Every structure is written in C-alpha cells, then in structure tokens.
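Protein chains in written order, with our numbering: chain A, 1 to 141; chain B, 1001 to 1544.
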C-alpha cells in the first residue's frame, strides 16, 4: 500500500443509504482514530456515475477504499462492484462489503470479484465500532 | 347356396330373357300340344293297326267263302258261274281285282272293279296274304276234297286306310286347335296365379333397391312355394330392416359417444386450462408470499439493528446520574431487539429453504458440513461441555445451507435441552432399503410422546422464555427434509433423551472425488469425537 502511505489522508468512498449506519461508521472510524477523508453516496446510480466519472465527477481520482452496502437504491452493490472492475481507473480499488445480509447467496454472487472484506453489519454497538479498527488495519496493510 | 347346386334347366337363348308370363304360356301351350299330338298319333296308329287286322280277317273270310263257292265252277270248267261268283264281290267298293285260275295257271274268271281286262297277276296257289305296293293281296288254293283244283287271288285297295288316316288327322288337328285355344284361354287366367305374385315380388324388390326403404313388404297371394318365397323375402326384409335400425342406432349412439367424448375432452381441456391458471396463480401467490416473508424478515432486521445500536449509543453517550435504571431499560430494549432479530433470522432461514431450485444442488460432503456447524456452535459446545461424536457421513447432492440449518438446529436443540448430565450427542448414519437414515441421539431431558408431532410445527414451543428459542428450528428441519422428499421424526421418552431421525432417498448420493460416497456398510460404526477442536473452518467467501 505504498500509494496510501504517500498521502496525507486515505480517501474512502462509502455507498450507504441508511443515515444511521453512515453515522455509526463515522463514529467507528473516529473511535478507531482512523483519520480519513470520507465521501458518502446514497444510491447506486450516483455511485456508478462517479465510477464512470460522469458530469461533476469528471476527472475524479479513485478512492483508496470503497465500502459498499449491497442493498442500496437504484443499482445494487453487485452492479457497483462490476462497474468498478470494468473501469480502468477504479479497477484496482480495494472493496469492503458491509452488508446487513449474511445470506450464502450473496457470498456466491461476490465470489468472482476480488473483495478485501465481507463484513455483516453487527447488531451490537461494540462490534460495530470495532469495524473502524478493522478498516484502519486493512489500510495500514 | 343350395340354389346353385340345383340342376339348371337349359333353355334356348332366345327363351331365357322372355318374361315369365310368356314362358308360362309357352309351357302350357307346348305341353298341351305335345299331349294332344301324342294322343292323336296314338289314336291314328292304333286305329290303323286295328283296321288292318280287321281287313285281314275280313279278306281271309271273303277269300275262303269265294274259294269254297268257286269249287263247282272250276270242277266243271264254267267261267260264267265263276264270273258270277266273282261279281258278287262288287259289294266291297275297295276290292279292286279278283281272279280264279285253273290248275294250269290260266285265268278262268276275273273281276275288275273298274272294268279293265287282263289285270290279273300271275297265278299263285299258296295260301297267304301280303301287303304290296298296290294294296293287300290274298292268294289261296281252291280245294275239292283236299285236292287243289285251282287258285284264287284277290287284290284289295288300301286307299281306305289313307282316307281313314286323313279323316282322323283332320279330327285330331281340329281337336288340337280347339283345345289349344281353350288351353290358351284357361292358362291366361291361371298364369296370373304365378306371374302376378312374381311381378309383385319383383316390384317390391325393385322398390326396396331404389328407395332403400326396408319397410316395404311384398303381398302374399298364396300358401304355395311362391307364398313361402314371399314370406322368406319379407322375413329377409324384416331382418335387414331390424339390422339396419340397429346399425343406425349403433351409429347414432357411437356418434353420441363421440360427441360426448369430444365435449368431455373440450371440458377437460377447459378444466386443464383452468387448473393450469390456478396452478400458475397459486405458484405466483406462493412466490409472492415467500418473497414477502423474505423481504419482510430481511428488511425488518435493519430497523431493529438500528434500535439496538442507538439505544446502546444513547446510554453510552449520555450516562445519567442514576444510570442503572436507564442501562437496565436499554438492556431490555437490546434483549427484545435481539430476540426479534433471532425470530426474523429463523423466519428468513425457513422461507429461504423453499426458495431456489434443487437443480443447482452440488455434491456436498456432509462431514465438512458438520464441521461447519460445530464451528458455528463452538461457544455453546464449550459452555455446556458437550461431547459430540459422529459416524462417517455421506456426500449428497444438496444445497449445503439447507443441511447446515438442519444439523445446526438438531445439535443446538440437543445442547439446549440438556439434563443435569454432560450432554453426549451421537450422530449415526445407515443405509438400507433405498433410504439414507440419519439419527441424532442425545441424553437430554427428552420429549413426552404426546408432543412428538407438535414440535415440528413452526412457533410451537414446549418451553417458556427460560430456555431461549424461536420455536422455528424443528420446522426448519422438517422443511429441509420435506424439500428432499425425506421424513423426519423423533423417538423419545421424557427424561430419557431424544433421538431425532430423518431419512432421505438414496438418489441424493453424490459422487465426490477423494471422499467416500454414500458409505458402504463396513465403514459404519466408526465414531469420531467431533466436539473437541474441529479443524479450523475456512473464512467466509471473500475473506482472503
């Protein structure tokens, strides 16, 4: 992760439509002391526009990490990952799936993509806050 | 046919096609004529024969008398007396010539009816009578005291016979014509007896063949063969008519049956369409329901999770002075939310079993599946100190998730409903009669037989909140086994542990390289302790 080390702050893209989860994730990152630049997108359509660098996203540099909820409006998480892997710019971006589902079917659908982590959203506060340090250690390599 | 065997009368070709009426007339006339001709000819011939006999006898007598009378004339050489004797023969108109000869053959006297002279034939002294070209000739010697003294010859003209014949023939012809006329007249009346019924019969057959109406009957005029023929014909018509009627009825009933079967088929087709539509509707509504259950249970988990997390966050962020109360309330919120979460999770698992096709099932080594389950249950196994042993399990073509749910629920129950003793759980597998039989035996509290059927029903629980549970675990097990066309039941007595048994069809056996398939008998009975340190389970997919 030499690229990350060269930067001041790691840039993280979060695709999540639930404001509660967004707030909890911010808290988790803060609790872990993970200083990063977080960009939040509320639906799949917006995420794909960003990956294709359409409109206001023209010339956008790819993030260091993308955290995706699979179940988001418009285009779902699988489509977003497929779009990333098909893009020259976002092709190598690390992806963490943060899902409310632990369905085996979701695992199966993700098998063909190179995913860094699959995290089921925990139903306990401490476990949830622990996600921050997981992400920090992932980015630290 | 017997008719064909009968001798066929041979008729001249010209007669064959003549109507019966005229044939009958011809038969009558020919028969009558033949009889009359034969009779006439017989009469004429008989008369002619009798007449000849009569003539012979008459002439013989005449000759004898003449000869006797002429004895003296010859003795005394008296031609005049002889001539007188001969002239007495004039009374016979057909006596043509008579001559008396001297012994030397010269003519003493002669009689010639027409008056001609020298018509006497040469003398002949033999006593005989013969028919000649000219008639009947009688020659006879004239005897005196048995010595011949001359001879006599008489020629008799036979034209009388011809006259008689002509007369007779004329009479016969007359009778013939008269009787033919009478026969014709009578037969004209009589032939109606045969020809008329025949004509009627012919008319009836023609009508039947032309109209096809077998109801027509020929009229019976008599009790003779023709009557029998008419009866037979009528009977034949009647039997044809009844057969025709039966045939029509059969045809009509067949037609009816065909129409009915066609209607039935149409109805059936309609019903099939209805059924297909109902099935489609049912499948759709079932799908909708499953989808609803899935989405509901899935989406309901999210707000619950939020409630839990933010309740915890609330307590943590704003710790109140007498914080214990607030912390206790939040613990209740969290516990309730967790319980609801478990319910939803199980409900989700339950609906998930029905989803997806079995066609995509892959060969699964159930030993690996069991390892996975033991890993999931690691905490409760360690807490309870449970000892779990298992025989070698087969590889089956199934969805592994289904069997994770199945084993996990059975094992979790065996641990959860334990008695004071350390839980000992044995998993067995046998194969017999085309069935794969699995059993999970524990030494727990057991189940009263009264409740054996009830425990497999969703949300039926035998215990209160003191033992955690959603009441859906065994329903999930039942549903998994049902999905693979198997059967599940429990054998247990309260206080004596329980054995959960399920069977599956042998067809599920799957070839899997490097592992035993559905196990052979010799590998049975090997128990492996699975409760201590199962091999490290793989990370979830994507975890690397």
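Yeah, the Cβ is synthetic: ideal placement off N, Cα and C, and Gly gets one too.
All of these numbers come straight from a predicted model, not from anything done at the bench.
{"Asked": "Classification of residue 1435 of chain B by the beta-carbon crowding that lies within 10 angstroms, buried from 16 upward", "Found": "exposed"}
{"Asked": "Rounded distance between the beta-carbons of residue 21 of chain A and residue 44 of chain A, thought under 8 angstroms", "Found": "The pair is not a contact, with the Cβ atoms about 16 angstroms apart (cut-off 8 angstroms)."}
{"Asked": "Enclosing beta strand (DSSP E) for residue 1098 of chain B [first to last residue]", "Found": "1095 to 1101"}
{"Asked": "Per-residue contacts from residue 128 of chain A into chain B (C-beta, under 8 angstroms)", "Found": "1309"}
{"Asked": "Beta-carbon separation (whole angstroms), residue 1154 of chain B vs residue 1074 of chain B, contact threshold 8 angstroms", "Found": "Contact flag wrong, Cβ pair sits at about 16 angstroms."}
{"Asked": "Contacts around residue 1087 of chain B, its chain only, beta-carbon distance under 8 angstroms, and the 5 residues preceding and following it disregarded", "Found": "1111"}
{"Asked": "Beta carbon of residue 1184 of chain B nearer than 8 angstroms to that of residue 1037 of chain B", "Found": "no"}
{"Asked": "Residue 30 of chain A: first and last residue of the uninterrupted alpha helix (DSSP H) it sits in", "Found": "19 to 31"}
{"Asked": "Integer-rounded CB distance, given that residue 1501 of chain B should sit under 8 angstroms from residue 1350 of chain B", "Found": "Between residue 1501 of chain B and residue 1350 of chain B the Cβ distance is about 21 angstroms, and since that is not below 8 angstroms, they are no contact."}
{"Asked": "Among A:46, A:109 and A:132, the one whose alpha carbon lies nearest that of residue 78 of chain A", "Found": "A:109"}
{"Asked": "Sequence-distant residues of the same chain with beta carbon closer than 8 angstroms to residue 1143 of chain B, five excluded per side", "Found": "1067, 1071 and 1149"}
{"Asked": "Residues near residue 1123 of chain B in its chain [Cβ-Cβ closer than 6 angstroms; skip 5 each side]", "Found": "1101, 1105 and 1151"}
{"Asked": "Residue 1444 of chain B, buried or exposed, once every other Cβ within 10 Å from all chains shown has been counted against 16", "Found": "buried"}
{"Asked": "Cross-chain neighbours of residue 83 of chain A in chain B, by beta carbon under 8 angstroms", "Found": "Result: empty, since nearest Cβ-Cβ is about 18 angstroms, beyond 8 angstroms."}
{"Asked": "Listed by chain order, chain B residues near residue 125 of chain A by CB distance under 8 angstroms", "Found": "1308, 1309, 1312, 1313 and 1316"}
{"Asked": "Closer than 8 angstroms to chain A by CB, residue 1301 of chain B", "Found": "yes"}
{"Asked": "The region 1407 to 1416 of chain B contacting the region 1372 to 1386 of chain B, beta-carbon criterion three pairs below 8 angstroms", "Found": "yes"}
{"Asked": "Start and end residues, alpha helix (DSSP H) containing residue 51 of chain A", "Found": "44 to 51"}
{"Asked": "Reduced DSSP secondary structure (H/G/I, E/B, other) of residue 1241 of chain B", "Found": "helix"}
{"Asked": "Per-residue DSSP class, three states only, for residue 1085 of chain B", "Found": "helix"}
{"Asked": "8 angstroms contact criterion, which residue 1367 of chain B and residue 1392 of chain B should meet: CB distance rounded", "Found": "7 angstroms"}
{"Asked": "Interface flag, residue 33 of chain A vs chain B, CB-CB below 8 angstroms", "Found": "no"}
{"Asked": "Straight-line gap, residue 1297 of chain B to residue 1344 of chain B (C-alpha atoms, nearest Å)", "Found": "5 angstroms"}
{"Asked": "Whether residue 48 of chain A touches residue 83 of chain A by CB criterion (8 angstroms)", "Found": "yes"}
{"Asked": "Within 8 angstroms, strictly: CB atoms of residue 1341 of chain B and residue 1304 of chain B", "Found": "yes"}
{"Asked": "Local conformation of residue 1544 of chain B per DSSP, three classes", "Found": "Because the pLDDT of residue 1544 of chain B is 32, which lies under 50, any placement of that residue in the model is unreliable, and the number read from its coordinates should be weighed accordingly. Residue 1544 of chain B: coil per DSSP, three-state reduction."}
{"Asked": "Closer than 8 angstroms to chain B by CB, residue 20 of chain A", "Found": "yes"}
{"Asked": "Contact under 8 angstroms by Cβ, residue 1161 of chain B with residue 1233 of chain B", "Found": "no"}
{"Asked": "C-beta contact flag for residue 65 of chain A and residue 41 of chain A at 8 angstroms", "Found": "no"}
{"Asked": "Cβ pair count under 8 angstroms reaching 3, the region 1186 to 1194 of chain B against the region 1209 to 1219 of chain B", "Found": "no"}
{"Asked": "Proximity winner among B:1226, B:1126, B:1503 and B:1039, relative to residue 1487 of chain B (alpha-carbon distances)", "Found": "B:1503"}
{"Asked": "For residue 36 of chain A and residue 8 of chain A, the rounded distance between their alpha carbons", "Found": "9 angstroms"}
{"Asked": "DSSP three-state assignment for residue 1023 of chain B, whether helix, strand or coil", "Found": "helix"}
{"Asked": "Residue 1180 of chain B beta carbon less than 8 angstroms from that of residue 1032 of chain B", "Found": "yes"}
{"Asked": "Beta carbon proximity, residue 4 of chain A to chain B, threshold 8 angstroms", "Found": "Low confidence applies here, because residue 4 of chain A scores a pLDDT of 46, under 50, leaving its location unreliable; read the following figure in that light. Judged by the 8 angstroms Cβ criterion, residue 4 of chain A is not in contact with chain B."}
{"Asked": "Contact under 8 angstroms by Cβ, residue 1309 of chain B with residue 125 of chain A", "Found": "yes"}
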